[in-house]
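*Asks:* Residue 369 in the numbering used here is what sits at position 386 of the sequence shown, and the numbering runs on without skipping anything. This structure is in structure tokens; I'll ask about it shortly.
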Amino acid sequence: MISNPELQTAASINTIPPELLCRIFNFLFPARRLDELTAARVDDIRSLRLTCRRFCQWASPLLIPEISVSMTEPSLERLKNVSGHQLISSGVRSVHVKLPYYEQRMAADLTQFAYSHIAGMSQHLGQLKDVISDKLHERASYNLPDWVNYEVIQLGKNLISAWNSIYTTNSEGSQRDSDEHITYRKILTDAHREYQLLFEAQQQMRENGVFLSTIASALAKMPHADGLKITDGQDPYHKEDTYLINRDYRKSIRAVMLSPHTWSDASELYPDPDFEPPVEFLHRLPVAIHRAGASLREVKFKCSAPCSYANLSMSPSERVSLVESLQNLQTLIIEAAGKEAMSGWFFDHQEDAMALVSDFLSALLQSSGVEDLTISSFNLRSLNELLTGAHNQSLKRLHLVGARLRAGILGEYLARVKGPCDVVLEQVEILGGRWADQADELRSLSRASTTVIQPFGDEFRRGRATNVCNAEEERMLNNYLQRSSSVNPLRNRNI
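Given below as structure tokens:
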């Protein structure tokens, strides 16, 4: 009978039976009487212990190539412990700073906290109902346990009913509540007290500089750590609406209620949010790391749209410090991430938002040593001016996603690059010109090898940007750009 490999336990050193390990060790020793602890036998044992120590020495740096840290005390404590461990810290190459945050109004106002989770639970129940009835069988955002049924949906409705008395501040109704409703309300009020404590701890380390200084000093202690990644908590594997997916629903509800928010969550929490997510760390962290004595060679920013850009503002001296902190930069990846593809950052809700973001990006692009540059989903017409003022002469790879460029700007930028450069233009829109002409210009750049993906423009529908070619034309266009064909498929077409 052939055993099913899926049922076999994965083999590892940790699962080897102790008896087998003893046999291996005994095999390494010459056959001697156990009572004869000769010098040779002691040497054998010493050699074996030294071998294990060497394994530990060389394996430990492989444990944590990238360490994550967020605005919580346990997270900062772990970072300090790792950076202080000589072996483990020597293997760290990058620090991933996660900046989801706890929100002031949610912490201060129990009714707002209740309202948010009443809405969240209602949405969750609607999804559960659709999944149970197979309406979303193939599109479920998470694997639904088999035991989830309409009784679970009724439980959710009972929870909402109990929380409604908190949201409406109906004290008379709450006094007549059943023991069950009292229990359900306590789940929410207990979680809110914990949320308040998390918010207070976050604010304290945000205001007193502990968060900045701890990360900077830790990175400076780790000899090979030269990468910084900052995100706002966008996690494709984290499901924020999974209130009832645990049999012990108290655990899953508590986990959802104590989860911090991404920057773009504000627009869902309130119609007119007035709070400020921690965007200041985008420019303050590199500066603090530089002042601590560390040198950054790789920086990645991937954050959803904040409801306020005010804290992105820099004084002239702060801007100079940011530019100086990135002088050794080789890789720069800036993604305006969102829950939906190509959602990007938007600036219509704040008068000076575009100017603040442009100033920040301009400072990032001052490093002349950047070899790998990605800018994704920034809805900026000022990107044209940013590229015009950038001095990335060492560029080897450029990836633009969702950019809106004036005709000729990209060619001028790439003409300053001194060596071969791979260029990827994804959903890039050409303003005030035609892609046919842009393709000719890009092809004429001898040091650039260009690939386009879904190019946009209004050359065929004036005033309305659309995809300028179909899949076959896109393939032919890329052949033309990479000089494997002499035919520009965007010319002389019958539109």
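Backbone N, C-alpha and C fix where the C-beta goes; we use that ideal spot for every residue, glycine too.
#1: Provide the residue(s) that pair with Tyr79 in DSSP beta bridges, ordered along the chain.
#2: Starting from the N-terminal side, write out each stretch of the beta strand (DSSP E) that is 3 residues or longer and does not extend beyond the region 353 to 441.
#3: Leaving aside the five residues before and after Asn229 along the sequence, list all residues of the same chain whose C-beta is less than 6 Å from its C-beta, in chain order.
#4: Measure the alpha-carbon distance for Leu464 versus Leu393 and round it to whole angstroms.
#5: Pro269 and Pro83 - do their beta-carbons sit closer together than 8 Å?
#6: What does the Cβ neighbour count give for Ala324, buried or exposed, with the cut at 16 atoms within 10 Å?
#7: Specify, as a first and last residue, the run of the alpha helix (DSSP H) that Leu460 falls within.
#8: Does the separation of the CB atoms of Gly210 and Arg302 fall below 8 Å?
#9: Please confirm whether Val489 and Ala208 have their CB atoms less than 8 Å apart.
#10: Grab me the residues of Pro1's own chain with a C-beta within less than 7 Å of its C-beta, minus the 5 sequence neighbours each way, in chain order.
#11: Rounded C-beta distance between Pro48 and Gly67? I'm assuming under 8 Å.
#12: Give every residue of the same chain whose Cβ lies closer than 7 Å to the Cβ of Gln421, excluding the five residues on either side of it in the sequence, and list them in chain order.
#13: When the Cα atoms are used, what is the spatial distance from Cys452 to Leu339?
#14: Which value, in whole angstroms, describes the spacing of the CA atoms of Leu3 and Asp129?
#15: Please confirm whether Ser359 and Glu318 have their CB atoms less than 8 Å apart.
#16: So, helix, strand or coil for Ala319, using DSSP?
#17: Measuring alpha carbon to alpha carbon, tell me which of Ser365, Gly109 and Ser116 ends up nearest Gly139.
#18: Determine the extent of the beta strand (DSSP E) in which Phe284 is found, giving its start and end residues.
#19: If you draw a straight line from the C-alpha of Asn450 to the C-alpha of Leu408, how long is it?
#20: Pick from Val135, Tyr85 and Ser116: whose alpha carbon is nearest that of Ser105?
#21: Within 8 Å, do at least three Cβ pairs link the region 183 to 200 to the region 41 to 57?
#22: Under three-state DSSP, which class holds Trp130?
#23: Can you tell me whether DSSP reads Tyr178 as helix, strand or coil?
*Replies:* According to the structure data:
#1: Note that residue 79 is His in the sequence shown, not Tyr. Answer is Ser51 and Lys212.
#2: 355 to 359, 380 to 384, 387 to 389, 404 to 409, 412 to 414 and 431 to 436
#3: Ser235
#4: Distance between Leu464 and Leu393, taken at the CA atoms: about 14 Å.
#5: no
#6: Any reading at Ala324 needs caution, since the residue's pLDDT is 48, under 50, leaving its predicted position unreliable; the model's value is listed next. By the neighbour-count rule (16 or more Cβ atoms within 10 Å), Ala324 is not buried but exposed.
#7: Here the alpha helix (DSSP H) through Leu460 covers Ala454 to Leu464.
#8: no
#9: Nothing can be reported for residue 489: it is not among the residues displayed for the chain, which extend from -16 to 478.
#10: none
#11: Actually they are not in contact, since the Cβ atoms of Pro48 and Gly67 sit about 18 Å apart, beyond 8 Å.
#12: Ala390 and Ile413
#13: 35 Å
#14: 41 Å
#15: yes
#16: strand
#17: For the residues Ser365, Gly109 and Ser116, the minimum Cα distance to Gly139 belongs to Gly109.
#18: Here the beta strand (DSSP E) through Phe284 covers Glu281 to Cys286.
#19: 13 Å
#20: The residue with the shortest Cα to Cα distance from Ser105 is Val135.
#21: yes
#22: coil
#23: Tyr178 sits in a helix when the DSSP states are folded into three classes.
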